[in-house]
Amino acid sequence: MLVAAAVCPAPPLLVPEVAAGAAAELADARTACSDALAVLAAARPDRLVVVGAAGADHTGPYPQGSRGSFRGFGVAADVRLGEGEEGPRLLPTSLAVAAWLLARARWGAAPVEGLGVAEPLEADACLRTGRELAATDDRVALLVMGDGSACRTVKAPGYLDERATAFDAEAARALGAADTAALAALDTGLARELKAAGRAPWQVLAGAAEGAGLDGRLLYDEAPYGVGYFVATWS
2 MLVAAAVCPA
12 PPLLVPEVAA
22 GAAAELADAR
32 TACSDALAVL
42 AAARPDRLVV
52 VGAAGADHTG
62 PYPQGSRGSF
72 RGFGVAADVR
82 LGEGEEGPRL
92 LPTSLAVAAW
102 LLARARWGAA
112 PVEGLGVAEP
122 LEADACLRTG
132 RELAATDDRV
142 ALLVMGDGSA
152 CRTVKAPGYL
162 DERATAFDAE
172 AARALGAADT
182 AALAALDTGL
192 ARELKAAGRA
202 PWQVLAGAAE
212 GAGLDGRLLY
222 DEAPYGVGYF
232 VATWS
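To convert, note that position 150 of the sequence shown is 151 in my numbering; the numbers rise steadily by one, no gaps.
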């Protein structure tokens, strides 16, 4: 069953080497992510599964030891998803950011593995995936990587969409309240139009947490660069 979860944003800019001169702009987000990981460690899980959005070529499971890289962002920085034999595939960006966060926190509380979730995956399939994850061990924790809308300002990656603020407000409320029903009800089509890459991973979390009785807490809710970034804990 699911004993704890942390929700973090997945922009490569969380990695200071990638952000370079703009690294200080996400300092509060990094701190919130560190606090969220501490909640996961305190839950003493038997296994940690990192869930993040991925392109079609990067979906599916990633074993402990899988390697990720930020070289595509012009930085000679590589990461590993925990200790273990290197897997055959590179981590998708969302899981590479998670691997960096875990390494920064010196994670050692439980074995860790990854799951890349296709961004267009329908809600029912996301919920089913979450239920299956929660059933795989007595004490499972999730680190869920995903961003809100990318349409909060005219300079945002998706330009300005007036619907983005309300979408992000509801997502932030649901994440902060551990409201699985509200997350399950997020509109897949609207999320796609708003470029909200976190929708599918959040709905995996909703499926995993059904009946777990977890309480939520929102630690961070900002939209730098016009993208909704949230950090939350469920425990």
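Note that the Cβ used here is the ideal one computed from N, Cα and C, for glycine as well.
Taking only three categories from DSSP, how would you classify Asp148? coil
Going by the DSSP bridge assignment, what does Cys9 pair with across the sheet? Met146
Per-residue burial, Pro89 [other beta carbons within 10 Å of its own, 16 or more giving buried]: exposed
When DSSP labels each residue in this structure, what does Trp235 get in the three-state scheme? strand
Is the CB-CB distance between Asp216 and Ser236 below 9 Å? yes
Per DSSP, the bridge partner or partners of Ala119: Ala55
Alpha carbon to alpha carbon, what distance is there between Glu87 and Gly177? 35 Å
Thinking C-beta only, is Ser95 closer than 9 Å to Gly22? no
With DSSP as the reference, identify every bridge partner of Pro62, one or two as the case may be. Leu116
Taking DSSP as the reference, what is the three-state secondary structure of Glu86? coil
Span of the beta strand (DSSP E) around Glu163: Neither: Glu163 is in no beta strand (DSSP E) and is coded neither H nor E.
Just to confirm, are Ala30 and Val228 a CB contact at a threshold of 9 Å? no
Label Arg72 either buried or exposed according to how many other C-beta atoms from any shown protein chain fall within 10 Å of its C-beta, with 16 as the threshold for buried. exposed
Per DSSP, what are the beta-bridge partners of Leu103 in this structure? DSSP lists no partner for Leu103.
Measure the alpha-carbon distance for Thr32 versus Glu26 and round it to whole angstroms. 12 Å
Report back the beta-carbon spacing between Val16 and Ala78 to the nearest angstrom; my notes put them in contact at under 8 Å. 7 Å
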